[in-house]
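Encoded as structure tokens, the structure appears first; notes follow it.
2 protein chains.
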Amino acid sequence: MNKPLRIGILGGGQLGRMLLQSAANYNVETFVLESGKNPPASSLCHHFIEGDINNYESVYNFGKKVDVLTIDIEHVNLDALFKLEEEGIKIFPRPRTLKIIKDKGLQKEFYKKHHIPTPHFHLINQRKELQKHLSFFPVAQKLRSGGYDGKGVEILRAEKDIQNAFDAPSIIESLVDIQKEISVIVAKNETGKETVYPPVEMVFDNRYHLVDYLVSPADIDESLALKAQEIALDVMNAFDSPGIFAVEMFIDSNNNILVNETAPRTHNSGHQSIEGNYCSQYDMQMRVLQGLPLGDTSITKPSLMLNLIGEPNYAGPVKYEGLEEAMLLKDVYIHIYGKHETRPGKKMGHVTIVGKKKTELLEKAKTIKQLIRVIS
Amino acid sequence: MNKPLRIGILGGGQLGRMLLQSAANYNVETFVLESGKNPPASSLCHHFIEGDINNYESVYNFGKKVDVLTIDIEHVNLDALFKLEEEGIKIFPRPRTLKIIKDKGLQKEFYKKHHIPTPHFHLINQRKELQKHLSFFPVAQKLRSGGYDGKGVEILRAEKDIQNAFDAPSIIESLVDIQKEISVIVAKNETGKETVYPPVEMVFDNRYHLVDYLVSPADIDESLALKAQEIALDVMNAFDSPGIFAVEMFIDSNNNILVNETAPRTHNSGHQSIEGNYCSQYDMQMRVLQGLPLGDTSITKPSLMLNLIGEPNYAGPVKYEGLEEAMLLKDVYIHIYGKHETRPGKKMGHVTIVGKKKTELLEKAKTIKQLIRVIS
Numbered sequence: 002m003n004k005p006l007r008i009g010i011l012g013g014g015q016l017g018r019m020l021l022q023s024a025a026n027y028n029v030e031t032f033v034l035e036s037g038k039n040p041p042a043s044s045l046c047h048h049f050i051e052g053d054i055n056n057y058e059s060v061y062n063f064g065k066k067v068d069v070l071t072i073d074i075e076h077v078n079l080d081a082l083f084k085l086e087e088e089g090i091k092i093f094p095r096p097r098t099l100k101i102i103k104d105k106g107l108q109k110e111f112y113k114k115h116h117i118p119t120p121h122f123h124l125i126n127q128r129k130e131l132q133k134h135l136s137f138f139p140v141a142q143k144l145r146s147g148g149y150d151g152k153g154v155e156i157l158r159a160e161k162d163i164q165n166a167f168d169a170p171s172i173i174e175s176l177v178d179i180q181k182e183i184s185v186i187v188a189k190n191e192t193g194k195e196t197v198y199p200p201v202e203m204v205f206d207n208r209y210h211l212v213d214y215l216v217s218p219a220d221i222d223e224s225l226a227l228k229a230q231e232i233a234l235d236v237m238n239a240f241d242s243p244g245i246f247a248v249e250m251f252i253d254s255n256n257n258i259l260v261n262e263t264a265p266r267t268h269n270s271g272h273q274s275i276e277g278n279y280c281s282q283y284d285m286q287m288r289v290l291q292g293l294p295l296g297d298t299s300i301t302k303p304s305l306m307l308n309l310i311g312e313p314n315y316a317g318p319v320k321y322e323g324l325e326e327a328m329l330l331k332d333v334y335i336h337i338y339g340k341h342e343t344r345p346g347k348k349m350g351h352v353t354i355v356g357k358k359k360t361e362l363l364e365k366a367k368t369i370k371q372l373i374r375v376i377s
Numbered sequence: 002m003n004k005p006l007r008i009g010i011l012g013g014g015q016l017g018r019m020l021l022q023s024a025a026n027y028n029v030e031t032f033v034l035e036s037g038k039n040p041p042a043s044s045l046c047h048h049f050i051e052g053d054i055n056n057y058e059s060v061y062n063f064g065k066k067v068d069v070l071t072i073d074i075e076h077v078n079l080d081a082l083f084k085l086e087e088e089g090i091k092i093f094p095r096p097r098t099l100k101i102i103k104d105k106g107l108q109k110e111f112y113k114k115h116h117i118p119t120p121h122f123h124l125i126n127q128r129k130e131l132q133k134h135l136s137f138f139p140v141a142q143k144l145r146s147g148g149y150d151g152k153g154v155e156i157l158r159a160e161k162d163i164q165n166a167f168d169a170p171s172i173i174e175s176l177v178d179i180q181k182e183i184s185v186i187v188a189k190n191e192t193g194k195e196t197v198y199p200p201v202e203m204v205f206d207n208r209y210h211l212v213d214y215l216v217s218p219a220d221i222d223e224s225l226a227l228k229a230q231e232i233a234l235d236v237m238n239a240f241d242s243p244g245i246f247a248v249e250m251f252i253d254s255n256n257n258i259l260v261n262e263t264a265p266r267t268h269n270s271g272h273q274s275i276e277g278n279y280c281s282q283y284d285m286q287m288r289v290l291q292g293l294p295l296g297d298t299s300i301t302k303p304s305l306m307l308n309l310i311g312e313p314n315y316a317g318p319v320k321y322e323g324l325e326e327a328m329l330l331k332d333v334y335i336h337i338y339g340k341h342e343t344r345p346g347k348k349m350g351h352v353t354i355v356g357k358k359k360t361e362l363l364e365k366a367k368t369i370k371q372l373i374r375v376i377s
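Shown next, in the form of structure tokens:
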């Protein structure tokens, strides 16, 4: 470690911001590419470059400034990444992995090819093709690309729902009788060393298809937890790329585990690791990027992470209500992402609660949800 | 909380840097004033202003940009702070408290006035006055102002040592038969709410009079720990200022506790709180600055903090050896301060180890000290 390693982050959102909080523990020089004047990560890096992460030139020129590149979001220009990789820039996750994951169709086919359990699916290109899959209904239709945070998903239960369907390349997936949704974060460094976090349990906000809160560890049998960790490692190994991956899974009513999707990066379902695990997902990513030994994924104490989401009917410069009252409760950690504007359903921050028991965590979360409001 | 609170930090060293890592969890806009192009805190704030923290104009103009001011170091222009406070800028610690603490002579007289136990002392203005205090020898002579990190201290055992003494306003303090050195961090917010951390034990590096390592919690009787916490609270209450304070104390061979000195800010002796306590000293400072409820000072797990100090005989662009090997050990947290140049005895970073037992922590610390070298 002579000259500080130059680390570039494509995207300047909250994941980049939290990564930079960890980056400040290391001998690194940090670069962020994002459009807009003040994205969340822009004030915590050495070099903020305003530019479009989907533009070939912007990404290529940015990549040439650094030793290693990573992402805050999948929606980045892939051609530039392939070129940069050819020219010797390290990119974690690798562009070929990103290419598969960015396209939910390729991602699903990849699972099938690698015998990763996943809900049955078909690929379609246009809405009218849905007619020939009626026997496969009810389904979740998901856009092959461009979806995020629950956007780009439509539930189609019967023929009459086809009018609401996307008329675009998409997958249709058989609906799972979901018992629980869990997520397992895995990481691998360049030398092939790998590690896996204990599963967390995600509870969704049905208004926005966003994680409402998650509980760590997931309240599931140990054998199921081990199985989930095994599957997550299988997924990462199939992708064959250094990096950090969040593998989201369904547990169905028969205790089958099915992979829903994988994020090739830190993830909302790992935020609790900052206070709840020995090594946070962000510190883990820093270790991966620097080729350092991986950290300890063990849980320090049970935790619950609650997303702070913009309230319905409010859009504009953000105001936070009730933070102070929430902080009067013990062992409540506030994370505000520094976004200037709120809108309904926008992720504006999160709260992590640590404690001894799940019941205690749930109780406190309920109180906090009543206290904190993200409005304008 | 509407517009982000504007927080200014005078000084851009590692304490400011770690404060900014915590600041990124809140809805704040951060400002740093420091000389030099790239001090440790400069890359983690919204606004870095290059300027002299000892210059009236620089500090005054900087202070006018913010809602609340704090410090990374005591050596700042006080006149500007008094003026700013008059004009309604919140300053934690208050300038009148800082004025007392900055001058070790005033600080000692303050302890005496407020019946805070502290080693006996005399004030002198010139070296030649030492002759009339020979019966008080052996003493530690400390410069009244300008000393830091063990600089500005001279041990005078006998008359012949007077030739090495400082010829400047200083205190001479009777040498304590030190059994242990401990530190207790206390915090108070504007509403008068106060809290206290468990004592930590400091072991010094005799080459540089710097903390070599510290162990949390201090290995002392509970009654002594409670007494130390009580004294630290007394000190803070006597100072009558919101803020965070590190009260360094000696425990003598008769188990008397004597206050050595107080830092009116976060402190080296609180670095372990990032991983080893529910609320870190930096998060606590953020709460104080924002007028938020204070955090939980409890220990999450025993910890040991080891300073990473520039090796003797190396000066110039820094290189770190052995970090990777150290990180192969479990539950070792690296904190590099991002300073470009090393020199003998310069604080370049620290390592925190968490674990179950003091013996285990000491063992690991010994290994790490052999592994990591800060050279050029």
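Chains A and B are the protein sequences, given in the same order.
Under my numbering, the first residue of the first sequence carries the number 2, and numbering increases by one thereafter.
Under my numbering, the first residue of the second sequence carries the number 2, and numbering increases by one thereafter.
Each residue gets a CB set at the ideal place from its N, CA and C atoms; glycine is no exception.
Per-residue DSSP class, three states only, for Leu11(A): Locating residue 11(A) in the first sequence gives position 10, where the first residue counts as 1. If DSSP states are grouped into helix, strand and coil, Leu11(A) belongs with the strands.
Near the ligand PLP: Tyr334(A) beta-carbon under 7 Å from a heavy atom: The model on display carries no ligand, and the ligand PLP is accordingly not part of it.
DSSP state of Asp253(A) mapped onto helix, strand, coil: For the purposes of this step, residue 253(A) is taken as residue 252 along the first sequence, with counting starting at 1. Asp253(A): strand per DSSP, three-state reduction.
For Ala239(B) and Asp104(B), the rounded distance between their alpha carbons: Within the second sequence, numbered from 1, the residue matching residue 104(B) stands at position 103. Within the second sequence, numbered from 1, the residue matching residue 239(B) stands at position 238. Using only the alpha carbons, I get a separation of about 16 Å.
Within chain A, partners of Ile337(B) - CB distance below 7 Å: For the purposes of this step, residue 337(B) is taken as residue 336 along the second sequence, with counting starting at 1. Ordered by position in chain A, the residues that pass the 7 Å Cβ test against Ile337(B) are Asn26, Tyr27 and Asn28.
Span of the alpha helix (DSSP H), counted from its first residue to its last, around Arg97(A): For the purposes of this step, residue 97(A) is identified with residue 96 of the first sequence, where counting begins at 1. Run containing Arg97(A): Pro96 to Lys103, per the alpha helix (DSSP H) assignment.
Neighbouring residues, chain A, relative to Lys331(B) (Cβ below 7 Å): The count along the second sequence starts at 1 and reaches residue 331(B) at position 330. Simply Asp297.
Pro294(B) versus Tyr57(B), Glu191(B) and Ile337(B), residue with shortest Cα-Cα distance: On the second sequence, position 293 is the one that residue 294(B) refers to. The option with the nearest alpha carbon to Pro294(B) is Glu191(B).
Asp284(A) classed as buried or exposed, judged by whether at least 16 other C-beta atoms fall within 10 angstroms: The count along the first sequence starts at 1 and reaches residue 284(A) at position 283. When all chains shown are included, Asp284(A) counts as buried.
Option nearest Asn256(A) by Cα separation, candidates Val177(A), Thr343(A) and Asn126(A): Start at 1 with the first residue of the first sequence, and residue 256(A) comes out as number 255. The residue with the shortest Cα to Cα distance from Asn256(A) is Val177(A).
Simplified DSSP state of Glu312(A), which is helix, strand or coil: Your numbering for residue 312(A) matches position 311 in the first sequence. Of the three classes helix, strand and coil, the one that applies to Glu312(A) here is coil, per DSSP.
DSSP three-state assignment for Asn26(A), whether helix, strand or coil: For this step, residue 26(A) is matched to residue 25 along the first sequence. Here Asn26(A) sits in coil by DSSP.
Own chain, CB closer than 7 Å to Pro96(B), minus 5 neighbours either side, in chain order: As a working mapping, residue 96(B) is identified with position 95 in the second sequence. Leu79, Leu82, Phe83 and Glu86.
For Lys358(A), three-class secondary structure by DSSP: For the purposes of this step, residue 358(A) is taken as residue 357 along the first sequence, with counting starting at 1. Residue state, collapsed to three classes: coil.
Contact list for Tyr279(B) against chain A, beta-carbon separation under 7 Å: As a position in the second sequence, residue 279(B) is number 278, starting the count at 1. The contacting residues are Asp332.
Cutoff 6 Å; reference Leu107(A); Cβ partners in own chain excluding five residues on either side: Taking the first sequence and counting its residues from 1, the one referred to as residue 107(A) is at position 106. Ile101.
Cβ-based burial, Gln282(A) [other Cβ within 10 Å; buried from 16]: If you number the first sequence from 1, residue 282(A) lands on position 281. If you draw a 10 Å sphere on the C-beta of Gln282(A), you find 16 or more other C-beta atoms in it, and that means buried.
Neighbouring residues, chain B, relative to Leu176(A) (Cβ below 9 Å): Locating residue 176(A) in the first sequence gives position 175, counting from the first residue. The contacting residues do not exist; Leu176(A) stays about 38 Å from chain B at best.
Phe63(A) versus Lys91(A) - alpha carbon distance: In the first sequence, the residue the question calls residue 63(A) occupies position 62. In the first sequence, the residue the question calls residue 91(A) occupies position 90. C-alpha separation (whole angstroms): 13 Å.
Residues in the stretch 35 to 56 of chain A having any Cβ partner in chain B nearer than 7 Å: Ser44, Leu45, Cys46 and His47
Straight-line gap, Thr71(A) to Tyr61(A) (C-alpha atoms, nearest Å): As a first step, residue 71(A) must be located in the first sequence, where it is residue number 70. As a first step, residue 61(A) must be located in the first sequence, where it is residue number 60. Roughly 13 Å between the two C-alpha positions.
Helix, strand or coil at Glu86(B) [DSSP, three-state]: Position 85 of the second sequence holds residue 86(B). In the structure shown, Glu86(B) sits in a helix (DSSP, three-state: H, G or I).
Proximal chain A residues relative to Leu20(B), where beta-carbon distance stays under 7 Å: What you label residue 20(B) is simply residue 19 of the second sequence in a count that begins at 1. Within 7 Å Cβ-Cβ: nothing; Leu20(B) doesn't reach chain A, min ~11 Å.
Beta-carbon neighbours of Leu293(B), restricted to chain A and to distances below 8 Å: On the second sequence, position 292 is the one that residue 293(B) refers to. Neighbours of Leu293(B) on chain A, chain order: Leu324, Glu325 and Met328.
Thr119(B) vs Thr196(B) beta-carbon contact at 8 Å: Looking up residue 119(B) in the second sequence gives position 118. Looking up residue 196(B) in the second sequence gives position 195. Going by C-beta atoms, Thr119(B) is not nearer than 8 Å to Thr196(B).
Continuous alpha helix (DSSP H) stretch holding Ala229(A): start and end: Residue 229(A) sits at position 228 when you count from the first residue of the first sequence. Element bounds for Ala229(A): Glu223 to Phe240.
DSSP state of Gly244(B) mapped onto helix, strand, coil: What you label residue 244(B) is simply residue 243 of the second sequence in a count that begins at 1. Gly244(B) falls in the strand class under three-state DSSP.
Between the CA atoms of Phe205(A) and Val375(A) - distance to the nearest angstrom: If you number the first sequence from 1, residue 375(A) lands on position 374. If you number the first sequence from 1, residue 205(A) lands on position 204. In a straight line, the C-alpha of Val375(A) is about 18 Å away from that of Phe205(A).
Own chain residues within Cβ distance below 8 Å of Ile54(B), not counting five before or after: Within the second sequence, numbered from 1, the residue matching residue 54(B) stands at position 53. Closer than 8 Å at Cβ, skipping near neighbours: Leu11, Gly12, Leu34, Glu35, Ser36, Val60, Ile74, His76, Val77 and Asn78.
8 Å Cβ cutoff met for His210(A) and Val154(A): Numbered from 1 along the first sequence, position 209 holds the residue referred to as residue 210(A). Numbered from 1 along the first sequence, position 153 holds the residue referred to as residue 154(A). Closer than 8 Å, so yes.
Between the CA atoms of Gln142(B) and Tyr334(A) - distance to the nearest angstrom: Translated into the one-based positions of the first sequence, residue 334(A) becomes position 333. Translated into the one-based positions of the second sequence, residue 142(B) becomes position 141. Rounded to whole angstroms, Tyr334(A) to Gln142(B) spans 44 Å at the Cα level.
Cβ neighbour criterion (16 or more within 10 Å) applied to Thr263(B): Numbered from its first residue, the second sequence carries residue 263(B) at position 262. With 16 or more other Cβ atoms within 10 Å, it is buried.
Ile50(B) - partner residues in DSSP beta bridges: Position 49 of the second sequence holds residue 50(B). Under DSSP, Ile50(B) takes part in a beta bridge, and its partners are Leu34(B).
Residue environment, Asp220(A), which counts as buried when at least 16 other CB atoms sit within 10 Å: By 1-based counting over the first sequence, the position of residue 220(A) is 219. The residue is exposed, with fewer than 16 neighbouring Cβ atoms inside 10 Å.
The stretch 304 to 321 of chain B: positions lying closer than 9 Å to chain A by Cβ: Pro318, Val319, Lys320 and Tyr321
Integer Cβ distance of Met237(A) from His272(A), believed to fall under 8 Å: Here residue 237(A) is taken as the residue at index 236 of the first sequence, counted from 1. Here residue 272(A) is taken as the residue at index 271 of the first sequence, counted from 1. No, Met237(A) and His272(A) are not in contact; Cβ-Cβ is about 20 Å, not under 8 Å.
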